[in-house]
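**Q** Just so you know, we're using the working numbering here: the sequence shown kicks off at 517 and counts up by one.
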Amino acid sequence: STGHRDSGSGMGMEAACWLAPGVLRRLIELPSPPLSRHQLKRLEEHRYSSAGRSLLEPLMQRYWEWLVGRVPSWIAPNLITIIGLATNVFTTLVLIYYCPTATEQAPLWAYLLCAVGLFIYQSLDAIDGKQARRTNSSSPLGELFDHGCDSLSTVFVVLGTSIAVQMGTNPDWMFFCCFAGMFMFYCAHWQTYVSGTLRFGIIDVTEVQLFIIIMYLLAAVGGSALWQSMIPILNIQMKMIPAICTFLGAIFSCTNYFRVIFTGGIWTRLHQQHYQIPFYVGFQLKRCFRGLLFK
Numbered sequence: 517s518t519g520h521r522d523s524g525s526g527m528g529m530e531a532a533c534w535l536a537p538g539v540l541r542r543l544i545e546l547p548s549p550p551l552s553r554h555q556l557k558r559l560e561e562h563r564y565s566s567a568g569r570s571l572l573e574p575l576m577q578r579y580w581e582w583l584v585g586r587v588p589s590w591i592a593p594n595l596i597t598i599i600g601l602a603t604n605v606f607t608t609l610v611l612i613y614y615c616p617t618a619t620e621q622a623p624l625w626a627y628l629l630c631a632v633g634l635f636i637y638q639s640l641d642a643i644d645g646k647q648a649r650r651t652n653s654s655s656p657l658g659e660l661f662d663h664g665c666d667s668l669s670t671v672f673v674v675l676g677t678s679i680a681v682q683m684g685t686n687p688d689w690m691f692f693c694c695f696a697g698m699f700m701f702y703c704a705h706w707q708t709y710v711s712g713t714l715r716f717g718i719i720d721v722t723e724v725q726l727f728i729i730i731m732y733l734l735a736a737v738g739g740s741a742l743w744q745s746m747i748p749i750l751n752i753q754m755k756m757i758p759a760i761c762t763f764l765g766a767i768f769s770c771t772n773y774f775r776v777i778f779t780g781g782i783w784t785r786l787h788q789q790h791y792q793i794p795f796y797v798g799f800q801l802k803r804c805f806r807g808l809l810f811k
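1. Helix, strand or coil: which one does DSSP assign to Arg563?
2. So who's on the other strand from Arg578, going by DSSP bridges?
3. For Ala741, is the classification buried or exposed, using 16 other Cβ atoms within 10 angstroms of its Cβ as the cut-off for buried?
4. Judging by CA-CA distance, which residue of Met698, Gly600, Tyr627 and Leu601 is the nearest neighbour of Tyr613?
5. Let me see if you follow: with CB-CB separation under 7 Å, is Gly717 close to chain B or not?
6. Just verifying my parser: in three-state terms, what is the DSSP assignment at Gln753?
7. Can you name, in chain order, every residue of its own chain whose Cβ lies under 7 Å from the Cβ of Gln789, other than the five neighbours on each side?
8. Does Ile718 come out as helix, strand or coil in the three-state DSSP assignment?
9. Quick one: using the 10 Å Cβ neighbour count with 16 as the cut-off for buried, is Gln555 buried or exposed?
10. Given Leu786, which residues of its chain have a CB within under 6 Å of its CB, disregarding the five upstream and five downstream residues?
11. Where does Ala618 fall in DSSP's three states?
12. From Phe692 to Trp590, what distance separates their C-alpha atoms?
13. Across the region 667–678 and the region 694–704, are there enough close Cβ pairs to call them in contact, namely three or more that are closer than 8 Å?
14. Can you tell me where the alpha helix (DSSP H) holding Gln647 begins and where it ends?
15. Using CA coordinates, which residue listed in Asn652, Ile643 and Leu583 is at the minimum distance from Asp662?
16. Using DSSP with H/G/I as helix, E/B as strand and the rest coil, what is Ile777?
17. Expressed to the nearest angstrom, what Euclidean distance is found between the alpha-carbon atoms of Met754 and Leu624?
18. To the nearest angstrom, how far is it from the Cα of Pro574 to the Cα of Phe635?
19. Thinking Thr619 and Gly684 are a contact (beta carbons under 8 Å), I'd like their distance in whole angstroms, please.
20. Check whether the Cβ atoms of Tyr722 and Met576 sit closer than 7 Å, and answer yes or no.
21. From Ile596 to Ala631, what does the alpha carbon distance come to, in whole angstroms?
22. Have a look at Leu571 and Val724 and give me their C-alpha separation to the nearest angstrom.
23. So Leu583 packs on Ser639, CB below 8 Å; how close in whole Å?
24. Any idea if Gly633 is buried or exposed, counting beta-carbon neighbours within 10 angstroms, 16 or more meaning buried?
25. What does the alpha-carbon distance come out to for the pair Phe688 and Met756?
26. First and last residue of the alpha helix (DSSP H) that includes Ser678?
27. Classify Val737: buried if its beta carbon has 16 or more other beta carbons within 10 angstroms, exposed otherwise.
28. Would you call Asn686 buried or exposed, if buried means 16 or more other Cβ atoms sit within 10 Å of its Cβ?
29. Would you mind reading off the limits of the alpha helix (DSSP H) that contains Ser653?
30. With distances taken Cα to Cα, identify the nearest neighbour of Ser745 among Asn594, Leu726, Gly658 and Gln682.
31. To the nearest angstrom, report how far apart Thr651 and Phe727 are at their CA atoms.
Right under this line is the structure:
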């Protein structure tokens, strides 16, 4: 009938519109690549550069050189990186399982496991770059992968440390310690972005990690009584010593970082809005942290 013909004609026109080349092109168009050609070119041109040595690094370098010499040449550097990350995450999750509010006492072996896990992570994180140079497989992408895994590990390291000293009884200080650790990592790479060089201080990540390992061992030996005990004269709990050290270390480190960041370098064109990102994120995280965990 005429009605059916009109209906069919309308459907045909609608189908023709949908099948138009422009529409089809948009339907099957692949998403844009995450990095532009210019960014890919800069990534290819990037060369790792570092300056400075921490206090214990020369001593640890001997151990790291010995360790990387025992690693088979067929093991990829990125595999070493991911094994270190997985080890650190797993051992910290065990501690989180036993101490969900960061106020409980975990079994002795859980603290020992975290100490061993952090030492393994530190060792593997130190030799992945050496393995890359040893096997002639160094690349900017490998450095990006390494530092990306480090950023994830930082979250678990500071969280595990706060749990080990039972900082959950002081939620504001716990948030500060966790955020300060991540913020210092952010600023360290921010100043690297500005200057093109990753700078190490006298007291840097190696010393901090070894200090945290000692704290895990103290938690295993002393238990909750150690961190709850009062320090004479100062009249503060033992658990506040790591928090105060974090506060002083954050001031010292960030002062050096911002001196480089705001005086510029080979990358002087920084967007002003970038300065506000870590502060805004920290403020929002604090609201969520207190609202969800400490009602």
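Backbone N, C-alpha and C fix where the C-beta goes; we use that ideal spot for every residue, glycine too. If you're wondering where the values come from, they're calculated on a predicted model, not measured in any experiment.
**A** On the basis of the data shown:
1. Three-state result, Arg563: coil.
2. Its beta-bridge partners do not exist; DSSP assigns none.
3. Ala741 should be labelled exposed.
4. Ranking the options by Cα distance to Tyr613, first place goes to Tyr627.
5. In the structure shown, chain B cannot be found, because there is only a single protein chain.
6. In the structure shown, Gln753 falls within a strand segment according to DSSP collapsed to helix, strand and coil.
7. Bear in mind that the predicted position of Gln789 carries a pLDDT of just 43, short of 50, making it too unreliable to give a figure here.
8. Three-state result, Ile718: coil.
9. By the 16-neighbour rule on beta-carbons within 10 angstroms, Gln555 is exposed.
10. Its pLDDT being 47, under 50, Leu786 is placed unreliably by the model, and nothing is read from it.
11. The answer is coil: DSSP assigns Ala618 none of H, G, I, E or B.
12. Each residue's alpha carbon lies about 42 Å from the other.
13. Segments in contact, yes.
14. Where Gln647 is concerned, the enclosing alpha helix (DSSP H) stretches over Leu624 to Arg650.
15. For the residues Asn652, Ile643 and Leu583, the minimum Cα distance to Asp662 belongs to Ile643.
16. DSSP places Ile777 in helix when its eight states are reduced to three.
17. Near 19 Å, if we compare the C-alpha coordinates of Leu624 and Met754.
18. Near 17 Å, if we compare the C-alpha coordinates of Phe635 and Pro574.
19. 4 Å between Cβ atoms; contact.
20. The question names Tyr, but residue 722 in the sequence shown is Thr. Yes.
21. The straight-line gap separating the alpha-carbon atoms of Ile596 and Ala631 is approximately 19 Å.
22. Leu571 and Val724 have their C-alpha atoms spaced approximately 11 Å apart.
23. Indeed, because the Cβ distance is near 6 Å, the residues count as touching under 8 Å.
24. By the neighbour-count rule (16 or more Cβ atoms within 10 Å), Gly633 is buried.
25. This sequence places Asp at residue 688; Phe is not what is there. Spanning the two alpha carbons is a distance of roughly 12 Å.
26. Judged by DSSP secondary structure, Ser678 falls within the alpha helix (DSSP H) whose first and last residues are Pro656 to Ala680.
27. Label assigned to Val737: exposed.
28. A residue is called buried once 16 or more other Cβ atoms fall within 10 Å of its Cβ, and Asn686 is buried on that count.
29. Here Ser653 belongs to no alpha helix (DSSP H), and DSSP marks it neither H nor E.
30. The option with the nearest alpha carbon to Ser745 is Gln682.
31. Approximately 32 Å between the Cα atoms of the pair.
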